[in-house]
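Residue numbers for the sequence shown, in our numbering: 134 to 305.
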Amino acid sequence: LVQPRSDIVVHSFAGEDQFQEIQTGSVSPDKLPADMSDPELLGVIISRAAPEERIIGAMQEALKKNITGLLEAVCVATEHDSYAVRLQALDVIGQLHDKRATGRIVSLLDDYDPSVRKKTVKVLENLNDCRAAGHLRARLLREPVPDVADDMKSVIKLLESASIQGAIYDFD
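Right, here's the structure in full:
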């Protein structure tokens, strides 16, 4: 008889058009990210209790390993209280180049920290998902930081141009 592991928890994430489950595990606070299993890394990434340095280290290690469930976990990390964790999560999303994250990160355009808003704009540019243009345009009307507003304007133009190009190709 096999006993179920009590240190593994299954988390379900409903996305725009997919349903993903990831397994996370509990981990000793002394264990280094390089020595963690995939479920342990994911567990640290979505943790609200772990120190921010540990969460950031787990994200970096998980990205190096390219583990399954990383996108879903870093999308959860974008909601962390620490702006440093939110910025690292955005870095990882940008490096994954996965448009499925667009719907989860557009809410960060309303983040109280201008550096998080600016990074979000850059990641949306990197994802090149035309669906983000409307969110950027709506937020631009309320953006108080000129540098962030300028970035928003340029990304809106880029995304709308890409959308027009895509429509032209559809008719060919």
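By construction, the Cβ of each residue, glycine as well, lies at the ideal position given by its N, Cα and C atoms.
Small disclaimer: the values here were computed from a predicted structure and weren't measured.
Once you ignore the five residues that flank V207 on each side, which residues in its own chain have a CB closer than 7 angstroms to its CB? Stepping through the sequence shown from its first residue, residue 207 is reached at position 74. Answer for V207: I178, M192, A222, V225, I226, listed in chain order.
Which same chain residues, not among the five before or five after L220, have their C-beta less than 8 angstroms away from its C-beta? Numbered from 1 along the sequence shown, position 87 holds the residue referred to as residue 220. Close CB contacts of L220 within its chain, under the 8 angstroms cut and outside five residues either way in sequence, are with S248, V249, K252 (chain order).
Going by the CB atoms, is the gap between A282 and L292 shorter than 8 angstroms? In the sequence shown, counting from the first residue as 1, residue 292 sits at position 159. In the sequence shown, counting from the first residue as 1, residue 282 sits at position 149. No.
Could you check how far apart the C-beta atoms of A217 and I189 are, in whole angstroms? I think they sit under 8 angstroms. As a first step, residue 217 is located in the sequence shown; it is residue number 84 there, counting from the start. As a first step, residue 189 is located in the sequence shown; it is residue number 56 there, counting from the start. With a contact defined as Cβ atoms closer than 8 angstroms, A217 and I189 qualify at about 7 angstroms.
Just to check my reading of the structure: R237 and T201 have Cβ atoms closer than 8 angstroms, yes? What is that Cβ distance to the nearest angstrom? As a position in the sequence shown, residue 237 is number 104, starting the count at 1. As a position in the sequence shown, residue 201 is number 68, starting the count at 1. Between T201 and R237 the Cβ distance is about 17 angstroms, and since that is not below 8 angstroms, they are no contact.
Which residues does DSSP pair with T211 in a beta bridge? If you number the sequence shown from 1, residue 211 lands on position 78. Within the DSSP bridge table, the entry for T211 names no partner.
Considering only C-alpha positions, which residue in the set S161, L269, S287 is nearest to D244? The residue given as residue 244 occupies position 111 in the sequence shown. For the residues S161, L269, S287, the minimum Cα distance to D244 belongs to L269.
Contacting residues, own chain, Cβ-Cβ under 7 angstroms from V239 (five flanking each side not counted): Position 106 of the sequence shown holds residue 239. For V239, where only same-chain residues beyond five positions count, the Cβ hits under 7 angstroms are A265, H268.
According to DSSP, is P184 helix, strand or coil? Your numbering for residue 184 matches position 51 in the sequence shown. Residue state, collapsed to three classes: coil.
Can you grab the Cα-Cα spacing for the pair T235 / L260, in whole Å? As a position in the sequence shown, residue 235 is number 102, starting the count at 1. As a position in the sequence shown, residue 260 is number 127, starting the count at 1. Distance between the alpha carbons of T235 and L260: 8 angstroms.
If you reduce the DSSP assignment to three classes, tell me which class S294 lands in. Reading the sequence shown from its first residue, position 161 is the one you call residue 294. Secondary structure at S294: helix, using DSSP grouped into helix, strand and coil.
Is it the case that the Cβ atoms of E258 and V278 are separated by a distance below 8 angstroms? Locating residue 258 in the sequence shown gives position 125, counting from the first residue. Locating residue 278 in the sequence shown gives position 145, counting from the first residue. Taking 8 angstroms as the Cβ cut-off, E258 and V278 do not qualify as a contacting pair.
What does the alpha-carbon distance come out to for the pair E194 and K164? Here residue 194 corresponds to residue number 61 of the sequence shown, with the count starting at 1. Here residue 164 corresponds to residue number 31 of the sequence shown, with the count starting at 1. Straight-line measurement puts the Cα of K164 at about 13 angstroms from the Cα of E194.
According to DSSP, simplified to helix, strand and coil, what is T253? Along the sequence shown, read from residue 1 onward, the residue named residue 253 stands at position 120. Correct three-state label for T253: helix.
Decide if D262 is buried, meaning its Cβ has at least 16 other Cβ atoms within 10 Å, or exposed. Within the sequence shown, residue 262 is the residue found at index 129, counting from 1. So D262 ends up on the buried side.
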